[in-house]
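Notes to accompany the following structure.
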């Protein structure tokens, strides 16, 4: 049974998302409304946390904490020492800081891991653990291929020092994204192999949708900012990922869930 508060949380996000797409795509966000980015990231990350907890109970809660604090620790190393993600710093307000990193970044990582996890499960539901973890990590990198150029070039949320063919974003940033995401997904799949919980179809579908919503929003901003390389580097693999999920059509049908939703 899907409770009213669960639906309300997701509906709130959709409303905030629509407003964000309009304001950010057409560069209409006034300086006094910058806090809206904080709400957006916290809500998106909270959706990912709810997915983990609803599906994997205590293990899901523990894993959410692992992703949240480990990602902030990794970002701290990047900001302070220029390792893992390159030499960069945050140029905008993203809420309270922890070890020099906005806590909202931890929420963003939770969202990325939750959505990429669902994408991999839909593509290879019965495949070996390492294959699923690898596909999930690649799905996470696809998101980063559009998030980083938009955040850096279009919005200047954070600034890199260096040069590369991909908008002067260090290529090692993407290698580190893959490595850290792979580690998170391996831990998650190992933990969930110990769980007997049934998949929560409502939140699984929400994560499947959320991945596409994130790709769509950042691709629209990329187009409006003439970041064509970032657009095509993201939209093509994202379409291929979604195409890969359709071979398992039974995942799109859950008559019992439909009955509960009426």
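In our numbering, the protein residues as written are 350 to 611.
Glycine is no exception: its CB is placed at the ideal position from the N, C-alpha and C atoms.
Bear in mind the structure is a predicted one, so any value in this text is a computation, not a measurement.
Does the beta-carbon distance from residue i to residue j come in below 7 angstroms?
i, j, result
"residue 435", "residue 517", "no"
"residue 560", "residue 483", "no"
"residue 564", "residue 579", "no"
"residue 534", "residue 485", "yes"
Can you grab the Cα-Cα spacing for the pair residue i / residue j, in whole Å?
i, j, result
"residue 674", "residue 373", "The structure shown does not extend to residue 674, since the chain spans only 350 to 611, so no value can be given for it."
"residue 519", "residue 549", "38 angstroms"
"residue 437", "residue 354", "38 angstroms"
"residue 537", "residue 359", "23 angstroms"
"residue 406", "residue 568", "34 angstroms"
"residue 528", "residue 455", "17 angstroms"
"residue 427", "residue 350", "42 angstroms"
"residue 376", "residue 500", "13 angstroms"
"residue 541", "residue 395", "19 angstroms"
"residue 423", "residue 447", "12 angstroms"
"residue 444", "residue 357", "24 angstroms"
"residue 505", "residue 441", "8 angstroms"
What is the C-beta distance between residue i and residue j, in whole angstroms, given that I count them as a contact (C-beta under 8 angstroms)?
i, j, result
"residue 397", "residue 452", "In fact, because the Cβ distance is near 14 angstroms, the residues do not count as touching under 8 angstroms."
"residue 507", "residue 430", "Contact doesn't hold; Cβ gap of about 16 angstroms is too wide."
"residue 583", "residue 468", "That pair is no contact at about 14 angstroms."
"residue 466", "residue 450", "Contact flag wrong, Cβ pair sits at about 23 angstroms."
"residue 472", "residue 558", "Not a contact, Cβ separation roughly 16 angstroms."
Are the C-beta of residue i and some C-beta of chain D separated by less than 7 angstroms?
i, result
"residue 592", "Within the model displayed, chain D is absent; a lone protein chain is all it includes."
>> Which runs of the alpha helix (DSSP H) at least 4 residues long sit entirely within the stretch 507–547? Give them in chain order.
In response: Runs found: 520–541.
> Are at least three pairs of beta-carbons, each pair with one atom in the stretch 471–480 and one in the stretch 507–517, less than 8 angstroms apart?
Replying inline: The stretch 471–480 vs the stretch 507–517: no contact.
> Are there three or more Cβ pairs, one per stretch, closer than 8 angstroms when the stretch 390–401 is compared with the stretch 485–498?
Replying inline: Contact between the stretch 390–401 and the stretch 485–498 is absent: fewer than 3 CB-CB pairs across the two stretches fall below 8 angstroms.
>> Closer than 8 angstroms is the cut-off here; do at least three beta carbon pairs connect the stretch 384–398 with the stretch 359–371?
In response: A contact is defined here as three or more CB-CB pairs under 8 angstroms, and the stretch 384–398 meets this definition with respect to the stretch 359–371.
>> Using 8 angstroms as the cut-off, can you tell me whether the stretch 414–427 makes contact with the stretch 556–573, which would need three or more C-beta pairs spanning the two stretches below that distance?
In response: No: fewer than three Cβ pairs fall under 8 angstroms.
>> Which complete beta strand (DSSP E) runs does the stretch 409–470 hold, if anything under 3 residues is left out?
In response: You should have 437–439.
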